[in-house]
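**Q**
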Amino acid sequence: MFKNISLTLKMLLVTIVVGLATWSILDPIQSNTIERAFQQQISEKIREDADESLMLFDRYVQIFRQNVRLIVLQKQLSDYVQSVKDVSWATDRDGSSLIKFHTHYIESPEWMPEASVLRSFSHFHYAILTDDKGIVHEVYKNYSETPPSALLRPEFLFKQVQNRQSILLKVDGVLYLVAGEHLYGPDGSLMASLILVNLIDDEFVVSSQEKDHIVAFIEGSSRKILASNRSGLLPHGTITESLRDDYLYWGKSLSNHGSSDLKLELVTFVPKGPHEQLSGLVLMQERRNRIITALLLILSFSFIMAWITRRIKSLTDKVVVFSKQSLNIQQKTFQEGDEVRVLGECFRNLTGEIAASHESLRKQAESLQKERDMAQNYLDIAGAIILTLSAEGRVTLINRKGCSLLGYPEDEIIGKDWFGCFIPENIRYDVRAVFGKILAGDTKSYGYYECNVLNSSGDERLVAWHNTQLKDEKGWVIGVLSSGEDITERKTLERLLIETEERERRRIGQDLHDGLGQLLTGIAFKVRGLGRKLEKNDFHDSEDAAEISVLVDEAKKQASRISKGLYPIEVDREGLTTALRELAFYIKKTYGISSEFLCNYPVYITNKTAVLQLYRIAQEAVTNAVKHGKPERIEISLSQEKDKIAIVIRDNGTGIPDVSEQMNPGMGLKIMSYRASLINATLDVRRDESGGTVVTCVFSDTHEALSGDETSLHR
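Here it is in structure tokens:
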């Protein structure tokens, strides 16, 4: 029965089976490869973050230690100690008197710098002043709570804190950062010591670490969290082992900063969720691509099977030769008959030999898969220009494609003002304004935007940008993400095509005017002469001759109108003004619609291409109004403000929906938008509040010479 099944169906079934088998082999391999790659990246990242967190903590401790020294070096501390050490301190050499406490918002001791000076210092909770024996006499509290009694015991402080040293202490279950500095007299004798104490709490971790990192102090033995910069995510007392399902973490020992019996770690956490989600999305996209590829292959295979059927015998012979010469496999000699059965036996022998080396091929496939993934990543990255700008307009990221377009290495682009360095000066203000509108949320109007950029050679390249907002985890807009495509050559070819079309229109119009028009004029002259002769001789055909003369005159007028429509504009500085005035007259005469052209001041345009396209846009807008709007009045206005030239076509007809409300704009609107894009003009079509439609086209005249346009046309 199987022999009677068509070859196309047989091969289709084989293709499906082979595809499923290949999927089952490659899918686990690719999944494991992607997972390992993400695990490696996140492991490297968390180690880097841990090193950076420890460096930030060390830097904070150094600054804290330097603050102690700066206070000790203040003259007012030395003067104060000199004044009391032989008076009040001398009467309390055993520390029996009460310690004098100062609170920052009530009073400030004489030996502390002024509040304006202290604001430039690192934050601390307590400043403890001792005499040369280590007895505490005064305490300045920058914190509402009184310091633990253990911190006020002389033997405890002198045991733990040495001169110019900082140390981490755990007192009554609370972690403190302590730094001390001695004050020496002119003779080199010890006069006093100043000790700064800072509570290691969540506020301390936040101030000493980067905002993007999740960092916590962990007690070494119990593995409990003592303080963190994200207390909402990492509450106090949480055991790190309980966070293993949600976080990856890496710790750095703080043994160099603590007492001999204190075991502390500064641990950096990275959430697993985002990385696992990204890994899943990458894998899902890859599977989708493989499914689409498989379906396309199956569809293509079905079409070519009819041709394969006729060549199956030749293919069988080639398989036999390939098996023998390339793989050293001797195929059996099969009887003549069903070519599919013969080919199947050949392939079964071939696959049997291949199966023996499956393990070796699997390892090679893994290696090739890794290389393929890496190459695919490079291709994905290099496919388009990727650019991110901060809210201030500075470059925060650019890929290799963008660097290649600009002609600069990445380190010379990152951090630069995008508009000041890479946008031409004549459009810099407009492009920055568009950037501001995107930041404000207007991605509907400017999600796609074209503008020129400057490369290192000073050349301008036209790039089509697709833009969207960048937001942080709280939803705040922090910048703009753009992907771009260099369309300079494409735009040049489109402009050349339009210019060629307009030149051909002009040639045909001139041929109609100079050739057919002159011929019709001659015919009309002859027919009139013939009519006069017939009428003179009293022939009845003289009326027919007169009618022919009228028809010839009408044909000449129609040829003139066609010629004028094909190329209505003379290429000079006032060509657009003249053509728009004639367009208004033509509408009034042809359709009987009140039409008026308004232009208060002369408007001069030197760009020939712009003149033609602006006229075509106006012509299309008027035609649409007449066909669809049924207006009683059409108004065409032309105005200029500095280098901005505006054409406005307004009618009082039934109106059309706003372009933004139309799912599928008509061909006329598409043509007008396309013509506007060719000259970098803006086009706005909307319903007028008083009824009818308003079409506005604004063009920035760069004062290009006419010769420049002609040169580009013949290049």
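Residue 670 in my numbering sits at position 268 of the sequence shown, with consecutive numbering throughout.
For every residue, glycine included, the Cβ atom is placed at its ideal position computed from N, Cα and C.
Just verifying my parser: in three-state terms, what is the DSSP assignment at Met413?
**A** Here the question's residue 413 lines up with position 11 in the sequence shown. Correct three-state label for Met413: helix.
**Q** How far does the beta strand (DSSP E) with Arg1035 in it reach, from first residue to last?
**A** The residue given as residue 1035 occupies position 633 in the sequence shown. In the DSSP assignment, Arg1035 falls within the unbroken beta strand (DSSP E) covering Arg1035 to Glu1043.
**Q** Looking at Leu456: is its Cβ nearer than 8 Å to the Cβ of Leu799?
**A** For the purposes of this step, residue 456 is taken as residue 54 along the sequence shown, with counting starting at 1. For the purposes of this step, residue 799 is taken as residue 397 along the sequence shown, with counting starting at 1. Not a contact, by the Cβ cut-off of 8 Å.
**Q** Helix, strand or coil for Val1061, going by three-state DSSP, please let me know.
**A** As a working note, residue 1061 is residue 659 in the sequence shown. Any reading at Val1061 needs caution, since the residue's pLDDT is 45, under 50, leaving its predicted position unreliable; the model's value is listed next. Here Val1061 sits in helix by DSSP.
**Q** Contact check, Ala1027 vs Ile1036 under 8 Å by CB: the rounded distance?
**A** The residue labelled residue 1027 in the question sits at position 625 within the sequence shown. The residue labelled residue 1036 in the question sits at position 634 within the sequence shown. The distance from the Cβ of Ala1027 to that of Ile1036 is about 6 Å, consistent with a contact at the 8 Å cut-off.
**Q** Need the endpoints of the beta strand (DSSP E) that Asp604 sits in, please.
**A** On the sequence shown, position 202 is the one that residue 604 refers to. No beta strand (DSSP E) holds Asp604; the alpha helix (DSSP H) holding it covers Asp604 to Ser610.
**Q** Cα separation between Val541 and Phe671?
**A** As a working note, residue 541 is residue 139 in the sequence shown. As a working note, residue 671 is residue 269 in the sequence shown. Distance between the alpha carbons of Val541 and Phe671 is about 37 Å.
**Q** Using C-beta distances below 6 Å, list every residue in its chain close to Ile418, excluding the 5 sequence neighbours before and after it, in chain order.
**A** Against the sequence shown, residue 418 aligns to sequence position 16. Scanning its chain for C-beta atoms nearer than 6 Å, with the 5 sequence neighbours on each side dropped, one finds no residue around Ile418.
**Q** List the whole-angstrom C-beta distance separating Lys385 from Leu664, where the pair is believed to meet the contact cut-off of C-beta under 8 Å.
**A** There is simply no residue 385 to check, as the chain begins at 403 and stops at 1117 in what is shown.
**Q** Taking 8 Å as the threshold (C-beta atoms), are Gly536 and Ser490 in contact?
**A** For the purposes of this step, residue 490 is taken as residue 88 along the sequence shown, with counting starting at 1. For the purposes of this step, residue 536 is taken as residue 134 along the sequence shown, with counting starting at 1. No, they are not a contact pair.
**Q** Whole angstroms are fine: how far does the CA of Asp533 sit from the CA of Leu401?
**A** Lying outside 403 to 1117, the shown extent of the chain, residue 401 is not represented and no answer is given.
**Q** From Asp813 to Leu789, what distance separates their C-alpha atoms?
**A** Here the question's residue 813 lines up with position 411 in the sequence shown. Here the question's residue 789 lines up with position 387 in the sequence shown. It is roughly 14 Å from the alpha-carbon of Asp813 to the alpha-carbon of Leu789.
**Q** Which residue marks the beginning of the beta strand (DSSP E) containing Ser485, and which one marks its end?
**A** Residue 485 sits at position 83 when you count from the first residue of the sequence shown. From DSSP, Ser485 is part of no beta strand (DSSP E) but of the alpha helix (DSSP H) over Lys477 to Val486.
**Q** Check whether the stretch 791-811 and the stretch 875-894 touch, using three or more Cβ-Cβ pairs below 8 Å as the test.
**A** Result yes; three or more Cβ-Cβ pairs closer than 8 Å.
**Q** Out of curiosity, what's the CA-to-CA distance linking Glu761 and Ala767?
**A** Position 359 of the sequence shown, counting from 1, holds the residue named residue 761. Position 365 of the sequence shown, counting from 1, holds the residue named residue 767. Put simply, the backbone Cα of Glu761 is about 10 Å away from that of Ala767.
**Q** Does the Cβ of Met1074 have 16 or more other Cβ atoms within 10 Å, making it buried, or fewer, making it exposed?
**A** For this step, residue 1074 is matched to residue 672 along the sequence shown. Classification for Met1074: buried.
**Q** Under three-state DSSP, which class holds Gln778?
**A** As a working mapping, residue 778 is identified with position 376 in the sequence shown. Confidence at Gln778 is low in this model, with a pLDDT of 45, below 50, so its placement is unreliable and the value that follows should be read with caution. Reduced to three states, the DSSP call for Gln778 is helix.
**Q** The alpha helix (DSSP H) with Leu807 in it runs from where to where?
**A** Taking the first residue of the sequence shown as position 1, residue 807 is located at position 405. Note, Leu807: alpha helix (DSSP H), Arg802 to Leu808.
**Q** Would you decide whether Ser610 is buried or exposed? Buried here means 16 or more other CB atoms lie within 10 Å of its CB.
**A** On the sequence shown, position 208 is the one that residue 610 refers to. Residue environment analysis places Ser610 among the buried positions, since at least 16 neighbouring C-beta atoms fall within 10 angstroms of its C-beta.
**Q** Relative to the C-alpha of Val420, which candidate in Leu699, Asp453 and Leu683 has its C-alpha closest?
**A** The residue you call residue 420 lines up with position 18 of the sequence shown. Measuring from the Cα of Val420, the nearest candidate turns out to be Leu699.
**Q** Rounded to the nearest angstrom, how far is the Cβ of Lys1057 from that of Thr1008, given a contact under 8 Å?
**A** Residue 1057 sits at position 655 when you count from the first residue of the sequence shown. Residue 1008 sits at position 606 when you count from the first residue of the sequence shown. According to the sequence displayed, residue 1057 carries Gly and not Lys. Going by Cβ atoms, the distance from Gly1057 to Thr1008 rounds to 35 Å, so no, they are not a contact pair.
**Q** Pop quiz: Lys613 and Leu650 are said to be a contact at Cβ under 8 Å. What is the actual Cβ separation, rounded to whole angstroms?
**A** Position 211 of the sequence shown holds residue 613. Position 248 of the sequence shown holds residue 650. So it is not a contact: roughly 19 Å between Cβ atoms.
**Q** Check the DSSP bridge columns for Ser630 and list the partner residues they point to.
**A** Walking along the sequence shown from the start, residue 630 turns up at place 228. Within the DSSP secondary-structure output, Ser630 pairs in a beta bridge with Ala618.
**Q** Relative to the C-alpha of Leu579, which residue among Tyr586, Ile602 and Ala1023 is closest?
**A** One-based indexing of the sequence shown puts residue 579 at position 177. For the residues Tyr586, Ile602 and Ala1023, the minimum Cα distance to Leu579 belongs to Ile602.
**Q** Nearest to Gln1015 by alpha carbon, out of Pro1004, Phe526, Phe703 and Leu978?
**A** Position 613 of the sequence shown, counting from 1, holds the residue named residue 1015. Closest by alpha carbon: Leu978.
**Q** Considering only DSSP beta bridges, list what Ile871 is partnered with.
**A** Along the sequence shown, one-based indexing puts residue 871 at 469. Here residue 871 is Gln; the residue named in the question, Ile, does not match the sequence. Answer is Val882, bridged to Gln871.
**Q** Whole angstroms is fine: what's the gap from Ile910's alpha carbon to Glu901's?
**A** The count along the sequence shown starts at 1 and reaches residue 910 at position 508. The count along the sequence shown starts at 1 and reaches residue 901 at position 499. Straight-line Cα distance between these residues: approximately 14 Å.
**Q** So the beta strand (DSSP E) Thr1098 belongs to, where does it begin and stop?
**A** Residue numbering aside, residue 1098 sits at position 696 when the sequence shown is read from its first letter. Taken as a continuous stretch (DSSP letters only), the beta strand (DSSP E) holding Thr1098 covers Thr1095 to Ser1102.
**Q** Should Leu985 be counted as a contact of the ligand ADP given a C-beta to heavy atom distance under 7 Å?
**A** As presented, the structure is devoid of all ligands, the ligand ADP included, so that no description of it is given.
**Q** Relative to the C-alpha of Glu1034, which residue among Val1050, Val1005, Lys1044 and Glu998 is closest?
**A** Position 632 of the sequence shown holds residue 1034. Closest option to Glu1034, Cα to Cα, is Glu998.
**Q** Classify Ala793 as helix, strand or coil using the three-state DSSP reduction.
**A** One-based indexing of the sequence shown puts residue 793 at position 391. Three-state DSSP puts Ala793 in coil, outside helix and strand.
**Q** What does a CB cutoff of less than 6 Å around Lys1135 pick up in its chain, not counting 5 residues either side in sequence?
**A** For residue 1135 there is no data in the structure shown, the boundaries of the chain being 403 and 1117.
**Q** For Ile889, tell me which candidate among Gln476, Ser858, Cys853 and Leu1071 has the shortest Cα-Cα distance.
**A** The count along the sequence shown starts at 1 and reaches residue 889 at position 487. The candidate whose alpha carbon is nearest that of Ile889 is Cys853.
**Q** If you drop the 5 nearest sequence neighbours on each side, which residues of the same chain put their C-beta closer than 6 Å to that of Val1097?
**A** The residue given as residue 1097 occupies position 695 in the sequence shown. Counting only Cβ-Cβ distances below 6 Å, and skipping sequence neighbours, we find Ala1023, Ile1051 and Val1087.
**Q** Please name the residue, chosen from Glu827, Asn857 and Ser551, that lies closest to Leu500 on a Cα-to-Cα basis.
**A** Taking the sequence shown and counting its residues from 1, the one referred to as residue 500 is at position 98. Comparing Cα positions, the closest option is Ser551.
**Q** Kindly list the residues whose CB is nearer than 7 Å to the CB of Ser858, restricted to its own chain and excluding five residues on each side of it in sequence; keep chain order.
**A** Within the sequence shown, the letter at position 456 stands for residue 858. Hits under 7 Å: Leu808, Gly809 and Tyr810.
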